[in-house]
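Read in order, the letters of the sequence shown are residues -18 to -1, 1 to 479 in mature numbering (1 follows the signal peptide of the UniProt record, and there is no 0). Backbone N, C-alpha and C define an ideal beta-carbon position, used for all residues, glycine too. Predicted model, so just to flag it, every value in this text is computed and none were measured. I have placed the structure first, in the form of structure tokens, so that the comments after it can refer back to it.
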Amino acid sequence: MATIWFLSLLFVTILLLAAFKRKKQQRRPPSPPGLPIIGNLHQLGELPHQSLWKLSKEYGPVMFLKLGSIPTVVLSSSETAKQALKIHDLHCCSRPSLAGPRELSYNYLDIAFAPYDDYWKEVKKLCVQEVFSPKRVHTMQPIRDEEVKKLIDIVTKSAQEKTPVNLSEKFLSLTVGVICRAAFGVSFHETVLNSDRFDKFINEAFLFLGSFSASDFFPNGGWIVDRLTGLQGRRERSVRDLDAFYEQMFDLHREEKEKGSEDFVDLLLRFQKEESVLGYGKLTRNHVKAILMNVLIGGIGTSAITMTWAMTELMRSPRAMKKVQSEIRNQIGNKSMITLDDIEQLHYLKMVVKETWRLHPPAPLIVPREVMSEFEINGYQIQPKTRLYVNVWAIGRDPDTWKDPDMFLPERFIDNNIDPKGQSFELLPFGAGRRLCPAIYMGTSMVEFGLANMLFHFDWKLPEDMEVEDIDMEESPGLNVSKKNELLLVPVKYVYN
């Protein structure tokens, strides 16, 4: 009899454990079926943000993937993004470590993608209060004025010759010019890297930082595959180029310079000499390089990409183009220069920029986070060591949030409080939470000022034999998703009275 009772109790216990296990398994987010070893890697595609968006339509806004050996959760709605980046921000504000062997001299790459710790908190505070503060951004205005004037002169020449201008290239040159002079105190033409080589190594850095590799998904041996495919070698060459560039900047700043305002390198080198900058220790040379990498890579690509997509969308929407140019020209009148005060009055231009960020966020997948402690989203359990992506591109196209989400309608931002500063989770071009990009003000100022000048001084036409329907909207892969094919437009000089 006792045996029967024992077996019955054991049987019930097994059933309860099985039920509990099933219940716990059901709390994991839904997932598309994967393959042995590689998991869901084969479903990423050339443009992962688009592939993940399509999968989210079937599996929901909280989706689990196994990318190689890495457990991954992808969030694709504003509501789930808010839960992760605001409510549970402290649970998932770290970064996954960079995998694979590295030479010691390039460890500042690990610092640039630092986990959530005392170092990162101190450097974030330094960047917010000193490097990217509104006051410092305002001191950059004479530089922006000069670089925009150079661009206007170049475009004016094309207008006189009635030849197309490569705006993708010109916007990149503009941001490179401003960032290099503001951050490094020199024009990139004055460095040992000529303009062609500079553009090449910057684009290579965008590519390797934004590309997925075997070591990302198989930390314990994927670097061997990257070595065999040549990706590891390309990354190392790109890092060496970056390292050489920073060393050159340090050399230039050691030489006697013309007196002027303190640039970012001056500021950081000064802090390096001070013992009390970081709450827990001294700012090292590699710390300085890490911060400069964020300035260089983050500042250059995002602004140029946004301006290019904005002009592309405006060319496809003559109504919006006419409206934004009328606003700018009515505000500026017969002045030859646009000021920051003028920019603050250009409300429709700001809507154009927001709408561009909605449809074309420069970083469509927020740089991945790593979960530090367990939490729930929509009732699903998110485990520690899970890699977390927020698909900002998908959020911008969510029909539950946006009416006619595929249409370019700047007016949708009239009389609403949605802004790009990390508090409105429907629009996250700069991320949110503790990992919010500290250069919001600098990036926004660059985009608005560059666009305002191009739209004020010139009307724009498509090249001969090209119609609005011919404008392609293909994206290129990478960390920052730019327009795949360059934007060529014919400028017509605007004559103001």
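Any idea what DSSP makes of residue 150, helix, strand or coil?
Start at 1 with the first residue of the sequence shown, and residue 150 comes out as number 168. Correct three-state label for residue 150: helix.
Contact defined as beta carbons within less than 8 Å: I believe residue 138 pairs with residue 475. What is the distance between those atoms, to the nearest angstrom?
One-based indexing of the sequence shown puts residue 138 at position 156. One-based indexing of the sequence shown puts residue 475 at position 493. Right, their Cβ atoms sit about 6 Å apart.
Give me the Cα-Cα distance between residue 51 and residue 369, rounded to the nearest whole angstrom.
Within the sequence shown, the letter at position 69 stands for residue 51. Within the sequence shown, the letter at position 387 stands for residue 369. Between residue 51 and residue 369, the C-alpha separation is close to 11 Å.
Measure the beta-carbon distance from residue 105 to residue 269 and round it to whole angstroms, keeping in mind my assumption that it falls under 8 Å.
Indexing the sequence shown from 1 puts residue 105 at position 123. Indexing the sequence shown from 1 puts residue 269 at position 287. With a Cβ gap of about 7 Å, residue 105 and residue 269 count as contacting.
Per the DSSP calculation, residue 53 is bridged to which residue(s)?
Locating residue 53 in the sequence shown gives position 71, counting from the first residue. Per DSSP, 48.
Near residue 382, which residues of its chain fall below 8 Å by C-beta distance, leaving aside the five closest residues on each side in sequence?
Numbered from its first residue, the sequence shown carries residue 382 at position 400. Excluding residues within five positions, the ones whose Cβ falls inside 8 Å are 59.
Considering only DSSP beta bridges, list what residue 359 is partnered with.
The residue labelled residue 359 in the question sits at position 377 within the sequence shown. In DSSP, residue 359 forms a bridge with 362.
Using a 10 Å radius around the Cβ and a threshold of 16 neighbouring Cβ atoms, would you call residue 163 buried or exposed?
For the purposes of this step, residue 163 is taken as the residue at position 181 of the sequence shown. Burial call: buried.
Could you tell me whether the segment 457 to 474 touches the segment 306 to 324, using the rule of 3 or more Cβ pairs below 8 Å?
Touching, no, given that fewer than three Cβ pairs across the two stretches are closer than 8 Å.
When DSSP labels each residue in this structure, what does residue 458 get in the three-state scheme?
Position 476 of the sequence shown, counted from the start, is the residue given in the question as residue 458. Note: residue 458 maps to coil in three-state DSSP.
Name the one or two DSSP bridge partners that residue 371 has.
Stepping through the sequence shown from its first residue, residue 371 is reached at position 389. 56, per the DSSP bridge assignment.
Counting C-beta neighbours from all protein chains within 10 Å, is the total for residue 396 16 or more, i.e. buried, or is it exposed?
On the sequence shown, position 414 is the one that residue 396 refers to. Burial call: exposed.
Please report the residue range of the alpha helix (DSSP H) in which residue 332 lies.
Translated into positions along the sequence shown, residue 332 becomes position 350. Run containing residue 332: 329 to 341, per the alpha helix (DSSP H) assignment.
From the DSSP output, which residues share a beta bridge with residue 442?
On the sequence shown, position 460 is the one that residue 442 refers to. BP columns for residue 442 point to 473.
Looking only at its chain, what residues have a beta carbon closer than 7 Å to the beta carbon of residue 324, apart from the 5 residues adjacent to it on each side?
Position 342 of the sequence shown, counting from 1, holds the residue named residue 324. Answer for residue 324: 313, 314, listed in chain order.
Take residue 366 and list the residues in its own chain whose beta-carbon comes closer than 7 Å to its own, dropping the five residues that flank it on each side.
One-based indexing of the sequence shown puts residue 366 at position 384. Correct list, in chain order: 353, 354, 355, 356.
Apart from the five residues on each side of it in sequence, which residues of its chain come closer than 8 Å, Cβ to Cβ, to residue 160?
As a position in the sequence shown, residue 160 is number 178, starting the count at 1. Contacts found: 122, 125, 126, 129, 428.
List the endpoints of the continuous alpha helix (DSSP H) containing residue 199.
For the purposes of this step, residue 199 is taken as the residue at position 217 of the sequence shown. Segment 196 to 199, the alpha helix (DSSP H) holding residue 199.
Please state whether the Cβ-Cβ distance between residue 416 and residue 98 is less than 8 Å.
Taking the sequence shown and counting its residues from 1, one reaches residue 416 at position 434. Taking the sequence shown and counting its residues from 1, one reaches residue 98 at position 116. Yes, the pair counts as a contact, with Cβ atoms nearer than the cut-off.
If you reduce the DSSP assignment to three classes, tell me which class residue 6 lands in.
Within the sequence shown, numbered from 1, the residue matching residue 6 stands at position 24. With a pLDDT of 49 at residue 6, under the threshold of 50, the modelled position of that residue is not reliable, and the figure given next carries that caveat. The answer is helix: DSSP assigns residue 6 an H, G or I state.
Relative to the ligand SAM, is the shortest distance from any of its heavy atoms to the C-beta of residue 424 smaller than 7 Å?
Absent from the structure shown: the ligand SAM. Ligands present: none.
Under the DSSP definition of a beta bridge, which residues are partnered with residue 36?
Here the question's residue 36 lines up with position 54 in the sequence shown. DSSP, once it has assigned bridges, lists no residue as partnering residue 36.
Would you report the Cα separation of residue 195 and residue 63, rounded to the nearest angstrom?
Numbered from its first residue, the sequence shown carries residue 195 at position 213. Numbered from its first residue, the sequence shown carries residue 63 at position 81. For residue 195 and residue 63, the distance between alpha carbons rounds to 26 Å.
Give me, in chain order, the residues of the same chain whose beta-carbon lies closer than 8 Å to that of residue 399; leave out the 5 immediate sequence neighbours on both sides.
As a first step, residue 399 must be located in the sequence shown, where it is residue number 417. If we look at residue 399 and ignore the five residues flanking it on each side, its Cβ neighbours are 406.
Using a Cβ-Cβ distance under 8 Å, would residue 461 count as near chain B?
Of the chains in the structure shown, none is chain B; there is only one protein chain.
Which residues in the same chain have their Cβ closer than 6 Å to the Cβ of residue 303, if we skip the five residues on either side of it in sequence?
If you number the sequence shown from 1, residue 303 lands on position 321. These residues qualify, in order along the chain: 296.
Which of the three DSSP states, helix, strand or coil, is assigned to residue 26?
In the sequence shown, residue 26 corresponds to position 44, counting from 1. In the structure shown, residue 26 sits in coil (DSSP, three-state: anything other than H, G, I, E or B).
I'd like to check one pair, residue 402 with residue 411: are the Cβ atoms closer than 8 Å?
Stepping through the sequence shown from its first residue, residue 411 is reached at position 429. Stepping through the sequence shown from its first residue, residue 402 is reached at position 420. Yes, Cβ-Cβ distance for residue 411 and residue 402 is below 8 Å.
Please work out which residues of its chain come closer than 7 Å, Cβ to Cβ, to residue 532, disregarding the five sequence neighbours upstream and downstream, and give them in chain order.
For the chain, the structure presents residues -18 to 479; residue 532 sits outside this window and is missing.
Restricting to Cα atoms, I'd like to know which of 61, 26, 49 is closest to residue 42.
As a working mapping, residue 42 is identified with position 60 in the sequence shown. Among 61, 26, 49, the Cα nearest to that of residue 42 belongs to 61.
Which same chain residues end up closer than 6 Å to residue 37 when comparing Cβ atoms and leaving out the 5 residues on each side of it in sequence?
The residue labelled residue 37 in the question sits at position 55 within the sequence shown. Result list for residue 37: 14, in chain order.
Whether or not the segment 270 to 289 and the segment 244 to 257 are in contact is what I'm after, with contact meaning three or more pairs of Cβ atoms, one per stretch, closer than 8 Å; do they touch?
The segment 244 to 257, when compared against the segment 270 to 289, does touch it at the 8 Å Cβ threshold.
Determine which residues share a DSSP beta bridge with residue 76 and list them.
Sequence index remark: in the sequence shown, residue 76 carries index 94 (1-based). Note: residue 76 sits in a beta bridge opposite 352.
Using DSSP with H/G/I as helix, E/B as strand and the rest coil, what is residue 21?
Here residue 21 refers to the residue found at position 39 of the sequence shown. Here residue 21 sits in strand by DSSP.
Rounded to the nearest angstrom, how far is the Cβ of residue 34 from that of residue 55, given a contact under 8 Å?
Residue 34 sits at position 52 when you count from the first residue of the sequence shown. Residue 55 sits at position 73 when you count from the first residue of the sequence shown. So it is not a contact: roughly 11 Å between Cβ atoms.
What would DSSP say about residue 144, mapped onto helix, strand or coil?
Taking the sequence shown and counting its residues from 1, one reaches residue 144 at position 162. Coil at residue 144, not helix or strand.
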